[in-house]
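Using our numbering, count along the sequence shown one by one with no gaps and you end on 1400.
One structure is given here, and the rest of the page talks about it.
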Amino acid sequence: MHSVLKFKWPIAIGLIVLTIVLFLLAPNLTEQAEKAGSFQLSDEASSQIASRILTDADAAEQTISLVIPLESEITDSMRETLEQMVVDIEALGDPVTSVLNPVESEELEDQLISEDRQTVLMPITVDGTDEEVNAVADTIRGTIIPEDLTAYVTGEAIINNDVNISAQEGLKRTEIITVILIFGLLLAVFRSIVTPFIPLVAVGISYLLSQSVVAFFIDWFGFPVSNYTQIFLVAILFGIGTDYCILLLSRYKEELSAGHGVEQSIINTYKTAGRTLLISGIAVFIGFFAIGFAEFPIFKSAVAVAVGIFVLLLVLYTIVPFFMSLLKEKLFWPAKKSASHSDSKLWITMSKLSINRPLLSMLVVAVITVPLLFTYDNSLSFNTVDEIGSEYESVKGLRAIEEGFGKGDSLPVQVIVKSDDSLTDRSTVPYFESVSAEIEKIEGVETVRSITRPTGDVIDELYVDEQLGLMADGLGEARDGLGEVQAGLTEVQTNLTAIGEQAGNAGGLNEAAAGLGQINQQLVQVSQGLQQTGNIPQTVGALTQISGGLTEIQQGLAGAAGQTAELSAGLTQLADGVGASNDGLAEIQTGLTEAVDMMQEMSDSEAVRDTGLFIPEGTLESEDFEQVLDRYSFADGRGMMMDVVLSEDPYSPEAIDITTEIKETVERTAAGTPLEEAEIAFSGISSINSDLEEVSSSDFASTVVIMLISLFVVLAILFRSLIMPLYMIGSLLLTYYTSISIAELIFVNGLGYDGISWAVPFFGFVMLVALGVDYSIFLLDRFREESFNGISVRDAMRTSMAKMGTVIITAAIILAGTFGAMMPSGVLSLVQIATIVITGLLLYGLIVLPLLIPAISVSFDRGVWWPFGKKK
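Right, dumping it as structure tokens:
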């Protein structure tokens, strides 16, 4: 400290200049957070695999929705307005690729106009980045939608952008409120106009400098960043920075009051309060540094606070001594004294219980906290929409879709399948129907849209039983046709017999008539056989023979007509009749042959045996199917997608459970089929939330273990005890779970949210444990110091509680106040984190720390220093 005071001007000026230069040169941390996005899942997450597949195939188009709620049923005038809007949007060009006109056809009207005819949906496909999607949305709002028309533009990218905007606006509000709040609290604590500026300047420099360093680290080393990074830097640096400044300034005032000179007072301050500050800072630094071992980038982004703590300690050991030395006693002007270090009457009273009757004190803490723990259900919410509230247009559009079409229609789950082989051939497509059918059986699935059910309704004609029914109808028609041929040949035979009798059997006409009779008998047998056995191949063979006989008779009649001039006209007419009958048999034979070929193909088809579906040749190449292929296939037929519409809100916990079941169903159904070797992934907000639930829960558990172990090791080294760190950490765990139980009661049971926002438990835990450990260090480090004076453990703890109570309560109130500045942010997760931290700090500072920690400490007596023993 002597060196710092000796070179205080160069150090202070250098640090200030460095802060200004880095602030001007550093990348924009806000823009970096926006670019990182709201969800930063690993590349192995299913939703990220789906995104990569679509991007690689140039099929990563996004669909946004223009939603128009009407006061009454749609009118002709509104139809004209909609058609003009479609034209205007199409005229925007890239990146807009297509617009569905909701009044173009009856089929589209059924899909895009609600049943009550009062909500219109206009899907717009955009091939571009999230920034381009939002730019298109802004253009539509500004230039396309008529001023007198209520309409909303919504979509996943637009909602996420609104979340980012809300977070940044919340950060600005929090920064302003924090500064005002800190200044007011310091003014009340020190009763000085000058003193509050010292912590604000010191913490302000720390914040600006650490923010710049973090921004460079992001740019250079890929340091993790999220929307939480800046706001946590603000809350924690201003919170504990102010606490540390109170500790230092109070001790400095105490040293001055004791008659020491300015320089000696500064040195003494840093020997005592400075040591406590350093221990606390190291513990907090280790706690946030341990977060760097997390896998999830959003969780990992809190490691930036460790950088802030390091910078804060640097500033507190340089800038604060500079102002102490510069302002001397005027630092506290015009106050005569500071109330910061007066003995705490509250803690003195509480010490009578915790020190004199430790078991009863522990019981009191248990009665307050344990019942709350039993109310905790760990209900989590992944509803991004709740983060920003209902005033945003994207949310209004989403609600309009839900009211008009159903909750799940706005953001379906997409099943993405990618293979090295074609997925649009006749042998593979039936398996997509099997998958669709199995998905639709899941409770909570409204409908499935896929290549075999493009509108959500099954194409019955693709099923074998339907096709066999059609073939049975064809056999009936064939039998009827054979009857007609028989009738025609019978008539020819009758006329031929009559002519033969008149002409004296000229040209063997009687023999021809007899031949027709035999053929008729054969036709009767063939028709009966077809009816009784359905043996189509045998029927085709018989018809071939009969056709040959008819051809001979026809030729004979034509020859006889040439030989007998007087009978020429009649015989020619009869020959034509035989020929017509023969043509009819040929048509029947062709139809039956096609049926035989189709049945043989069905018999040979593995897909028919597996799925019950058969795709007739030419179906997929037909003009009617072209639009279906364009909609559901990509990558030249090597990729396929399916839309699964849920009956639940896509953001709800129920949607996550349904999505998990969808994933399991698809995996099970694809096994043993051509889809088994394909790459299958799932996209959509419900899939993203499913991935978030999986990764956040596992990462939370592992990171917490790392953090607690790190804290335990640091505390064990600093306090030279294995007992003390155990109950310090245990008390913080008790405080955390009690606090989150209270938060759950407020937000879930009271306000009706689905649960606590998914990121809140992790950040709430990290903040409360890393910051709460400060206060136990304040108390127990003073306890360690007092115990060196040869007094008993009980007396050392009693003195420590009296001396540190006011400091700890003041610090807890100030830190709670800085987190309270998050309340007006408008971001639900920040409000919930603030609720947990504020509740936890006050619970810890007013109940757990003064009642539980002393009770456990005195219960161990000298064993509290086990196994190292007490040493200075």
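We treat Cβ as the ideally placed atom computed from N, Cα and C, and that holds for glycine.
No experiment lies behind these values; they were computed from the predicted model shown.
Residue i: first and last residue of the uninterrupted alpha helix (DSSP H) it sits in
i, result
"residue 590", "Here residue 590 belongs to no alpha helix (DSSP H); instead the beta strand (DSSP E) covers 590 to 597."
"residue 1207", "Counting along the chain, residue 1207 falls outside any alpha helix (DSSP H), though it belongs to the beta strand (DSSP E) covering 1207 to 1211."
"residue 1187", "1181 to 1198"
"residue 585", "Note, residue 585: premise wrong, no alpha helix (DSSP H); not H, not E."
"residue 853", "847 to 855"
"residue 607", "604 to 618"
"residue 938", "From DSSP, residue 938 is part of no alpha helix (DSSP H); its letter is neither H nor E."
"residue 886", "886 to 901"
"residue 557", "557 to 564"
"residue 548", "536 to 553"
"residue 738", "725 to 749"
"residue 959", "957 to 968"
"residue 791", "790 to 817"
"residue 569", "Taken as a continuous stretch (DSSP letters only), residue 569 belongs to no alpha helix (DSSP H), as it is neither H nor E."
"residue 875", "873 to 882"
"residue 1374", "First-last for residue 1374: undefined, no H or E at that position."
"residue 664", "658 to 667"
"residue 827", "825 to 828"
N-terminal and C-terminal residue of the beta strand (DSSP E) that residue i is part of
i, result
"residue 680", "680 to 682"
"residue 647", "647 to 654"
Integer-rounded CB distance, given that residue j should sit under 8 Å from residue i
i, j, result
"residue 846", "residue 539", "5 Å"
"residue 1348", "residue 1362", "6 Å"
"residue 646", "residue 714", "Contact flag wrong, Cβ pair sits at about 57 Å."
"residue 934", "residue 966", "Wrong, their Cβ atoms sit about 21 Å apart, outside the cutoff."
"residue 720", "residue 765", "Actually they are not in contact, since the Cβ atoms of residue 720 and residue 765 sit about 22 Å apart, beyond 8 Å."
"residue 951", "residue 1168", "5 Å"
"residue 1289", "residue 1268", "6 Å"
"residue 1402", "residue 753", "Not covered by the structure: residue 1402. The range shown for the chain is 529 to 1400."
"residue 943", "residue 1172", "7 Å"
Helix, strand or coil at residue i [DSSP, three-state]
i, result
"residue 529", "coil"
"residue 975", "strand"
"residue 1248", "coil"
"residue 918", "coil"
"residue 867", "Here residue 867 scores only 40 on pLDDT, less than 50, and its place in the model is too uncertain to base an answer on."
"residue 1173", "strand"
"residue 1239", "helix"
"residue 636", "helix"
"residue 1141", "strand"
"residue 783", "helix"
"residue 1317", "coil"
"residue 576", "helix"
"residue 986", "coil"
"residue 1201", "coil"
"residue 861", "coil"
"residue 722", "coil"
"residue 833", "helix"
"residue 954", "coil"
"residue 673", "coil"
"residue 913", "helix"
"residue 1395", "coil"
"residue 621", "coil"
"residue 600", "coil"
In DSSP terms, what residue i is bridged to
i, result
"residue 711", "Paired residues: none, contrary to the question."
"residue 1284", "908"
"residue 945", "1168 and 1208"
"residue 1162", "1167"
"residue 981", "978"
"residue 627", "652"
"residue 641", "648"
Cβ-heavy atom distance, residue i to the ligand PLP, below 7 Å
i, result
"residue 557", "Of the ligands one can find in the structure shown there are none, so the ligand PLP has no counterpart to examine."
Say whether the segment 757 to 772 touches the segment 556 to 566, bearing in mind that this needs 3 or more beta-carbon pairs closer than 8 Å, one atom from each stretch. yes
Does the segment 819 to 837 come within contact of the segment 565 to 580, defined as at least 3 CB pairs closer than 8 Å? yes
Contact between the segment 1305 to 1314 and the segment 736 to 748 is defined here as three or more beta-carbon pairs at a separation below 8 Å; is this criterion met? The segment 1305 to 1314, when compared against the segment 736 to 748, does not touch it at the 8 Å Cβ threshold.
Are the segment 1265 to 1276 and the segment 1206 to 1218 touching by the rule of at least three beta carbon pairs closer than 8 Å? no
With a cut-off of 8 Å, do at least 3 Cβ pairs link the segment 1221 to 1234 to the segment 804 to 814? no
Contact between the segment 1159 to 1168 and the segment 968 to 983: three or more CB pairs below 8 Å? Result yes; three or more Cβ-Cβ pairs closer than 8 Å.
Assess contact between the segment 1372 to 1388 and the segment 876 to 890, defined as three or more Cβ pairs (one per stretch) separated by less than 8 Å. Is contact present? Result yes; three or more Cβ-Cβ pairs closer than 8 Å.
Using 8 Å as the threshold, is the segment 799 to 806 in touch with the segment 770 to 782, meaning 3 or more CB pairs across them? yes
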